[in-house]
Structures are given as C-alpha cells and as structure tokens.
C-alpha cells in the first residue's frame, strides 16, 4: 500500500512539473510573440517609402513589368559588366569594386534585384532562380546589352548561373564571387515551414531577423574576416538604407520561401551536369576563410565548368568585393580584358 501511495505521489509531482514546464513554455512563447509583434509594428512604421521610381530618386529601367533601380559606373562605350548581388545587398554595396572597374574603362551596371534594394517587387512573390534569371535578361534587354560579362555574388550566384545556362550566347564571360549554389543538395523546406502559412507571422519573423536594422551589423560582421576594418558604421548604414522601402518584410518573407528554399529541382543551376555544357570563360574568386560557402565549394564549381579559373584570396571570408576590393577588382579587370568579346552595345 505504501508503494502504491508513493507511486501516486510521484505521478502527482510529475503532473505538477509538466504543468509548470507547460506554463513556462507558454510564457516564453507569449514573450516571443510579443517580441515578433513589436518588430513587425516597427517595420510597418519604418517601411514607408514606395518601391520603384515613385520612391527613391535614381536611375530606373522597366524590365519584366517592374521598375528596377540600378547604378552605373564607367563609360557607356566600355565592355559591360552586369553585377548581381547576394542576399540583403543592393547596387550601392558594389561601389568598392564598381568604382575601380569603371575607372578602368568598363561599363559597370548594378541592378537592385528584387526583393532587395529600391526596385519594385513582383506581386507573384516568385523569386525562384528561373524568375530571377528572366528578370536579369529583361534588365539586360532594357539596358541595351546584347552581350555582357555577368558577375554574381553569394546567393545571387544561383540566379547568375541560371541566366548563364539559359542564355549562354548573351554571356561574354562569367564571374562568380563566393557563390552559394547548393549543387546536388537534397530539396529542402524553410525551417519552421508551417509558420510561414500563418497570416502575418512570416512578416513578423522577417522583421525580427532579416529586415531588422539592429541585425544588419551582426550579419555583416559574421561574413567578413576583419570585421573592425570592413564592417564600419558607414558601411553598415549603406546595407540598412533600403529597409525603409514599403513591403520589404513581406517581400523578403516571399523570397525566403520561393527563393532561398524554392523549387530548386526545376533549376538548371541546381544540376551539376548542366555546368559541363557552359563553354564560356569563367573566373571564380573565393575567400580562403569563407565560413558561409567554404572554398571546397568553389573548387567543385571550378572542376565542373570546362573553361574556369579559380583565384583564392588569403585573409578573406565571404564578401571579397568589400574585404579586398582592390585585389578583387584587379582580378576581374584582368579577366575581362582577356576576353575577345564583341561590343556589348
């Protein structure tokens, strides 16, 4: 009987512990939801500038039905180099190498590829590699580029490579900077995917993370080797500037689902065998200390592309264009100068 009584007491204690833990978990979830709600409210207040030419002053081209913001350096007569940014980057973040390349006589054009920067965002919310490649080619058409050097960085590398594989005749040469291609990776879904079906919750999650101005500095410091020298307050502010565009958190939530974790199996750039058919010259520039896309990934891509060269930068992490702009621009300039390409205009 004593044994039975002891068992009952243990069950009672266990139930109480479970209730306490459930209460704590509920409280923590409640606090988390309040935090998300706070960041979401702040994003709604902050994101007030219309996207496209009705918002930020600057240069725009109509392409794929969207006002695409862009910046340009160098003479109109120079060999065109089209720059495709990675996640959370936009045209101005290319300035450290774009200014150098422009000064060397190249026509450097950097569009804000949606959903980033000041460009309009598609109502469809489609940021798959195929959709982004279509936008890149439409932008090139609008800019009057028949043939051009295509350069992509980090996550922008997927759309860059997709474009090159879809329209190799348009590409004079290909430059890949620490690109994130996920070659042969099993198809994946976003972490906590069910949460992205809840109205308002995806935007709240993005507002607390990707589009949170307080997180931009940390993200930049995590991606560079010498964070004190590179992730300066001035540079962090450049990355923050477009976070005022209306609908940014919503658009980046769409990108998170359809771009970052989209239908990669339908993409040519996801299939290693597709790379062997691309015969144009290619330059890969990789940070030796890359903690996001390790050097082994660059070496694999260089093996797959028939006409590729790989340059490795010591003391550089994931963003060579701001970590080692002079060396990176020099490598690109030498590569482009070596191309025997017809005029791009």
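Residue numbers (this note's numbering): 57 to 401. Beta carbons: idealized from backbone N, C-alpha and C, even for Gly.
Buried versus exposed call for residue 236 [16 or more other C-beta atoms within 10 Å across all chains shown]:
Along the chain shown, one-based indexing puts residue 236 at 180. Within a 10 Å sphere around the beta-carbon of residue 236 sit 16 or more other beta-carbons, which makes this residue buried.
Practice prompt. Taking residue 163 as the reference, give the member of 257, 135, 331 with the closest Cα.
Written response: Locating residue 163 in the chain shown gives position 107, counting from the first residue. Taking only the C-alpha atoms, the option nearest residue 163 is 135.
From which residue to which residue does the alpha helix (DSSP H) around residue 286 run?
-> Locating residue 286 in the chain shown gives position 230, counting from the first residue. From DSSP, the alpha helix (DSSP H) with residue 286 extends over 283-286.
(Q) Short of 8 Å in beta carbon distance, which residues of its chain neighbour residue 387, apart from the five on each side in sequence? Order them along the chain. (A) Within the chain shown, numbered from 1, the residue matching residue 387 stands at position 331. So the list reads 339, 341, 367, once near-sequence residues are dropped.
Query raised in the report: Per DSSP, residue 127 is paired with what?
Result: Within the chain shown, the letter at position 71 stands for residue 127. According to DSSP, which records beta bridges pairwise, residue 127 is partnered with 166.
Notebook entry, point to check: When the Cα atoms are used, what is the spatial distance from residue 180 to residue 170?
Noted result: Your numbering for residue 180 matches position 124 in the chain shown. Your numbering for residue 170 matches position 114 in the chain shown. Answer to the nearest angstrom: the Cα atoms are 12 Å apart.
Next item on the list: Whole angstroms is fine: what's the gap from residue 155's alpha carbon to residue 255's?
Entry: Within the chain shown, numbered from 1, the residue matching residue 155 stands at position 99. Within the chain shown, numbered from 1, the residue matching residue 255 stands at position 199. So the two alpha carbons sit approximately 43 Å from each other.
task = Return the chain-ordered list of same chain residues with a C-beta closer than 7 Å to the C-beta of residue 74, the five sequence neighbours on each side being excluded.
result = Reading the chain shown from its first residue, position 18 is the one you call residue 74. In this prediction, residue 74 scores a pLDDT of 49, lower than 50, which makes its location untrustworthy; the coordinate-derived value is nonetheless stated afterwards. Cβ neighbours of residue 74 beyond the five flanking positions: none.
Note to self: I'd like the list of long-range same chain contacts for residue 114, defined as Cβ closer than 6 Å, with 5 residues on each side in sequence excluded.
What the structure shows: Along the chain shown, read from residue 1 onward, the residue named residue 114 stands at position 58. Take residue 114, set aside five residues on each side of it, and the residues of its chain with a beta-carbon closer than 6 Å to its own are 125, in chain order.
Assess contact between the segment 345-352 and the segment 372-386, defined as three or more Cβ pairs (one per stretch) separated by less than 8 Å. Is contact present? The segment 345-352 is in contact with the segment 372-386.
Near residue 392, what residues of its chain come up, given a Cβ to Cβ distance below 7 Å and the 5 sequence neighbours on each side ignored? For this step, residue 392 is matched to residue 336 along the chain shown. Here the set comprises 135, 137, 162, 205, 229.
Quick one: using the 10 Å Cβ neighbour count with 16 as the cut-off for buried, is residue 390 buried or exposed? For the purposes of this step, residue 390 is identified with residue 334 of the chain shown, where counting begins at 1. It counts as exposed.
_On the criterion of 16 or more Cβ atoms from any shown chain inside 10 Å, does residue 127 qualify as buried, or is it exposed?_
Numbered from its first residue, the chain shown carries residue 127 at position 71. Of the other Cβ atoms in all chains shown, 16 or more fall within 10 Å of the Cβ of residue 127; this residue is therefore buried.
- Expressed to the nearest angstrom, what Euclidean distance is found between the alpha-carbon atoms of residue 365 and residue 139? Residue 365 sits at position 309 when you count from the first residue of the chain shown. Residue 139 sits at position 83 when you count from the first residue of the chain shown. For residue 365 and residue 139, the gap between their C-alpha atoms comes out near 19 Å.
Considering only residues of the same chain and omitting the five flanking positions on each side of residue 301, which have a CB-CB separation below 7 Å? Within the chain shown, residue 301 is the residue found at index 245, counting from 1. Short of 7 Å from the beta carbon of residue 301, and not among the five residues preceding or following it, lie these beta carbons of its own chain, in chain order: 103, 105, 107, 111, 174.
Contact between the segment 193-210 and the segment 115-122 is defined here as three or more beta-carbon pairs at a separation below 8 Å; is this criterion met? Below 8 Å, enough C-beta pairs join the segment 193-210 and the segment 115-122 to call them touching: three or more.
*asked:* In the DSSP output, what is residue 111 paired with across the bridge?
replied: On the chain shown, residue 111 is found 55 positions in, with the first residue counted as 1. Residue pairing from DSSP leaves residue 111 without any beta-bridge partner.
Excluding the five sequence neighbours on either side, which residues of its own chain have a C-beta within less than 7 Å of the C-beta of residue 383, listed in chain order? On the chain shown, position 327 is the one that residue 383 refers to. Correct list, in chain order: 369.
For this session: Run the CB neighbour count on residue 289, radius 10 Å, all protein chains shown included, and call it buried at 16 or more, exposed below.
Result: Taking the chain shown and counting its residues from 1, one reaches residue 289 at position 233. It is exposed - the Cβ of residue 289 has fewer than 16 other Cβ atoms within 10 Å.
Taking the straight line between their C-alpha atoms, what separation do you get for residue 275 and residue 395? Here residue 275 is taken as the residue at index 219 of the chain shown, counted from 1. Here residue 395 is taken as the residue at index 339 of the chain shown, counted from 1. Those two C-alpha atoms are separated by around 36 Å.
Q) Counting along the chain, where does the beta strand (DSSP E) carrying residue 392 start and finish? A) The count along the chain shown starts at 1 and reaches residue 392 at position 336. Per DSSP, residue 392 lies in no beta strand (DSSP E); the unbroken alpha helix (DSSP H) holding it starts and ends at 381-394.
Expressed to the nearest angstrom, what Euclidean distance is found between the alpha-carbon atoms of residue 209 and residue 285? Numbered from 1 along the chain shown, position 153 holds the residue referred to as residue 209. Numbered from 1 along the chain shown, position 229 holds the residue referred to as residue 285. Approximately 21 Å between the Cα atoms of the pair.
Spatial neighbours of residue 292 within its chain, please: C-beta separation below 7 Å, excluding the five flanking residues on both sides.
Within the chain shown, the letter at position 236 stands for residue 292. So the list reads 272, 273, 276, once near-sequence residues are dropped.
Cut-off 6 Å between Cβ atoms - residues of its own chain near residue 123, not counting five sequence neighbours on either side: Sequence index remark: in the chain shown, residue 123 carries index 67 (1-based). Excluding positions up to five away in sequence, the list reads 108, 109, 116, 176.
Go ahead and pull the three-state DSSP assignment for residue 175. Start at 1 with the first residue of the chain shown, and residue 175 comes out as number 119. Look at residue 175 here: in three-state DSSP terms it is coil, with no helix or strand label.
- Message: Rounding to the nearest angstrom, what Cα-Cα distance links residue 240 and residue 353 in this structure?
- Response: Position 184 of the chain shown, counted from the start, is the residue given in the question as residue 240. Position 297 of the chain shown, counted from the start, is the residue given in the question as residue 353. When rounded, the distance between both Cα atoms is 11 Å.
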